[in-house]
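Chemist: Structure provided below as structure tokens; questions to follow.
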Amino acid sequence: MGVMAVLKNSNCKMDSKKDNKKVYLVAQELKLTRLLAGNNKAARDKALKNLKKWFVKRSETMPFTEDDFQRIWKGLFYAMWMSDKPLVQEECAENIANLIHFPTINPSLLFFKAGLIIMNNEWIGIDQLRLDKFLMLVRRLLRQALFVLKKNTFAHKDIEMFNSVLSSTILIPCGAPALSLLMHFIEIFMEELAKVSEGKIHPEKVCLFLKPFIEKLATTGDGRLIAHIRKFIFTYLIRQSDLGFEYQAKYDAWKQQGFPGSIDSMQKIPLDDDEMMSADEDEQEKRNKPLDPRAGRVDVEIPQLRFSPKTIASNLLQHKFDKNSTTKARNMLTVLAEQFNKIAKGVYPLGVKKVVDRKKDEYDMSIRKATNRLVKFEQKLLGKDRKRKREKNAIDENGEFAPKKSKKEENSKDGDKDGQAFDEEV
Numbered sequence: 001m002g003v004m005a006v007l008k009n010s011n012c013k014m015d016s017k018k019d020n021k022k023v024y025l026v027a028q029e030l031k032l033t034r035l036l037a038g039n040n041k042a043a044r045d046k047a048l049k050n051l052k053k054w055f056v057k058r059s060e061t062m063p064f065t066e067d068d069f070q071r072i073w074k075g076l077f078y079a080m081w082m083s084d085k086p087l088v089q090e091e092c093a094e095n096i097a098n099l100i101h102f103p104t105i106n107p108s109l110l111f112f113k114a115g116l117i118i119m120n121n122e123w124i125g126i127d128q129l130r131l132d133k134f135l136m137l138v139r140r141l142l143r144q145a146l147f148v149l150k151k152n153t154f155a156h157k158d159i160e161m162f163n164s165v166l167s168s169t170i171l172i173p174c175g176a177p178a179l180s181l182l183m184h185f186i187e188i189f190m191e192e193l194a195k196v197s198e199g200k201i202h203p204e205k206v207c208l209f210l211k212p213f214i215e216k217l218a219t220t221g222d223g224r225l226i227a228h229i230r231k232f233i234f235t236y237l238i239r240q241s242d243l244g245f246e247y248q249a250k251y252d253a254w255k256q257q258g259f260p261g262s263i264d265s266m267q268k269i270p271l272d273d274d275e276m277m278s279a280d281e282d283e284q285e286k287r288n289k290p291l292d293p294r295a296g297r298v299d300v301e302i303p304q305l306r307f308s309p310k311t312i313a314s315n316l317l318q319h320k321f322d323k324n325s326t327t328k329a330r331n332m333l334t335v336l337a338e339q340f341n342k343i344a345k346g347v348y349p350l351g352v353k354k355v356v357d358r359k360k361d362e363y364d365m366s367i368r369k370a371t372n373r374l375v376k377f378e379q380k381l382l383g384k385d386r387k388r389k390r391e392k393n394a395i396d397e398n399g400e401f402a403p404k405k406s407k408k409e410e411n412s413k414d415g416d417k418d419g420q421a422f423d424e425e426v
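If you use the UniProt record's numbering, the sequence shown corresponds to residues 1 to 426, in order.
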């Protein structure tokens, strides 16, 4: 019994030490949060600068939890809130996003998840003047999260962990996060994936990144979200494919010639040696370009992402009969699956193939003539009804057809009635 009592006392002491240690760490986190959210810019900059070192020491004593990161992110959010002027805001967003780099991927994804949660919770309180800098912060945070995955060569397991973070926060299938935040995230995702990976990612892994977007598409009934996911995720992939680039080149040449015939009549012309050399120089310049536009270097080249159209079509149809799917979503999944199946067969599913020549059209484009055609068309539609009304008004009291009388006859008849009435009075 004495030995058991000693063991219980030792366990209680160990637990109390852990609790005291946890309380001390939480107090440190709250102190940092107050400094990051303060009005003093020098104190904010110093706290943000020392936060990376504190993360390293803190992770050595006790692993971070999601609640720990959310407390820190509360301060980081208001540090961004207090930042003024574009260059200062950009530097602050970059410094906050770079905090995601931990020795292992688990705390990095926890930091990313906590950031998305705090952003979603606080998004409704952001005014119009501060919106742009928080949109930039979301972009930088996503970019650094993708850099973490790239550092591990986009491992299949890491991508699945990343997808689970998205599916539990901003892309939760049956949830309703802040709409503008969600739509912005959808807009930038494929661009950032292309820029970070530099196009050097396996096609099947690109398809794996699409899984949370397909799940969100299948379960939403919001037409705006359905159209947004279609445009910035799936149509984006189609347009930047080899068939998409080929179609765009044909369309530009076809447009310069005035749209003769159909676009299929345009043919490729092989490049000469000088053009091949210039193409190689352009490739070399692309490698040295920044990830964001700058003054004097406005254009940002986005690399091409290779993908497997058959895999994407299969994944789309797989989620078509999800128990939480909506009618709008099922229709869109069917349309997208058909488009990717066409790409797998070598057929480009988008764009104009033939332009109708209005000069050869039987209708004249003159406004006056178009108005006359419209009037005649309306008269033709309403002619029977008008004829029936005229016939109905022309039937007399005895049910016999009475021809329409002229105004003179009606006036003379009224005059006779007045004369008869006068004679009777006399």
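No residue lacks a Cβ here, since even glycine has one placed at the ideal position from N, Cα and C. This structure is a prediction, so every number in the text was calculated from the model and none was measured.
(1) For Ser262, list the residues DSSP reports as bridge partners.
(2) By a C-beta neighbour count over all protein chains shown, 10 Å radius and 16 as the cutoff for buried, is Asn324 buried or exposed?
(3) Thinking just about the alpha-carbon of each residue, which of Ala97, Trp254, Glu204, Lys205 is nearest to the one in Phe111?
(4) Take Pro203 and list the residues in its own chain whose beta-carbon comes closer than 6 Å to its own, dropping the five residues that flank it on each side.
(5) Among Trp73, Ala27, Asn315, which one has its Cα closest to the Cα of Leu208?
(6) Name the two residues that bound the continuous alpha helix (DSSP H) containing Val206.
(7) With three or more C-beta pairs closer than 8 Å as the rule, is the region 75-83 touching the region 37-47?
(8) Give every residue of the same chain whose Cβ lies closer than 6 Å to the Cβ of Ala421, excluding the five residues on either side of it in the sequence, and list them in chain order.
(9) Is it true that the region 211-220 meets the region 238-255, where meeting means three or more beta-carbon pairs spaced less than 8 Å apart?
(10) Nearest to Ala218 by alpha carbon, out of Trp73, Tyr348, Ala329, Phe64?
(11) Could you tell me which of Gly346, Asp67, Ile201 sits nearest to Asn152, measuring between CA atoms?
(12) Along the alpha helix (DSSP H) that carries Ile229, what are the first and last residues, could you check?
(13) So for Leu305, helix, strand or coil by DSSP?
(14) Note down, one range per segment and in chain order, each alpha helix (DSSP H) of at least 4 residues found wholly within the region 35-101.
(15) Select from Val56, Asp132, Asn121 the residue whose C-alpha is nearest the C-alpha of Pro86.
(16) Select from Phe185, Lys195, Val206, Trp123 the residue whose C-alpha is nearest the C-alpha of Ala155.
(17) Please classify Phe377: is it buried, with 16 or more other beta-carbons within 10 angstroms of its beta-carbon, or exposed?
(18) Do Gly75 and Leu36 have their CB atoms nearer than 7 Å?
(19) Does the separation of the CB atoms of Tyr236 and Met161 fall below 7 Å?
(20) Counting C-beta neighbours from all protein chains within 10 Å, is the total for Val196 16 or more, i.e. buried, or is it exposed?
(21) By Cβ distance, which residues of its chain are closer than 7 Å to Phe234, with the 5 residues on each side in sequence left out?
(22) Could you spell out where the alpha helix (DSSP H) holding Phe185 opens and where it closes?
(23) Give me, in chain order, the residues of the same chain whose beta-carbon lies closer than 6 Å to that of Lys150; leave out the 5 immediate sequence neighbours on both sides.
(24) Is it buried or exposed for Cys92, if we count other Cβ within 10 angstroms and need 16 for buried?
(25) Three-state secondary structure (DSSP) at Ser164?
(26) Mind checking whether Gly115 and Leu135 have CB atoms under 7 Å apart?
(27) Which residue comes first and which comes last in the alpha helix (DSSP H) that contains residue 429?
(28) Using three-state DSSP, classify Leu30 as helix, strand or coil.
(29) How should Ser265 be labelled, buried or exposed, when 16 other C-beta atoms within 10 angstroms of its C-beta is the threshold for buried?
(30) The alpha helix (DSSP H) that contains Lys250, what's its start and end?
(31) Short of 6 Å in beta carbon distance, which residues of its chain neighbour Ala313, apart from the five on each side in sequence? Order them along the chain.
(32) On the premise that Met332 lies in contact with Arg230, defined as a C-beta separation below 8 Å, what is that separation, rounded to the nearest angstrom?
(33) Taking Pro107 and Phe64 to be in contact with their CB atoms under 8 Å, please state how far apart those CB atoms are, rounded to whole angstroms.
(34) Given this structure, state the Cα-to-Cα distance separating Met365 from Gly261, to the nearest angstrom.
Modeler: In brief:
(1) Lys354
(2) An exposed status is given to Asn324, since fewer than 16 other beta-carbon atoms sit within 10 Å of its beta-carbon.
(3) Ala97
(4) Arg306, Phe307, Ser308
(5) Asn315
(6) First-last of the alpha helix (DSSP H) with Val206: 203-209.
(7) As far as the Cβ criterion goes, the region 37-47 touches the region 75-83, which means the pair count is three or higher.
(8) Unreliable placement is indicated for Ala421, whose pLDDT of 45 sits below 50; the coordinate value is still reported in the next sentence. Result list for Ala421: empty, nothing under 6 Å.
(9) no
(10) Ala329
(11) For the residues Gly346, Asp67, Ile201, the minimum Cα distance to Asn152 belongs to Ile201.
(12) 223-229
(13) Three-state result, Leu305: coil.
(14) 41-61, 66-81, 86-97
(15) Asp132
(16) Out of Phe185, Lys195, Val206, Trp123, Val206 has the C-alpha closest to the C-alpha of Ala155.
(17) exposed
(18) yes
(19) no
(20) buried
(21) Leu336
(22) 179-197
(23) Val196
(24) Answer is buried; the Cβ neighbour count reaches 16.
(25) helix
(26) no
(27) The structure shown has nothing for residue 429, since the chain only spans 1 to 426.
(28) Helix, per DSSP.
(29) By the 10 Å Cβ count, Ser265 comes out exposed.
(30) 242-256
(31) Ala337, Phe340, Asn341
(32) 6 Å
(33) 5 Å
(34) 22 Å
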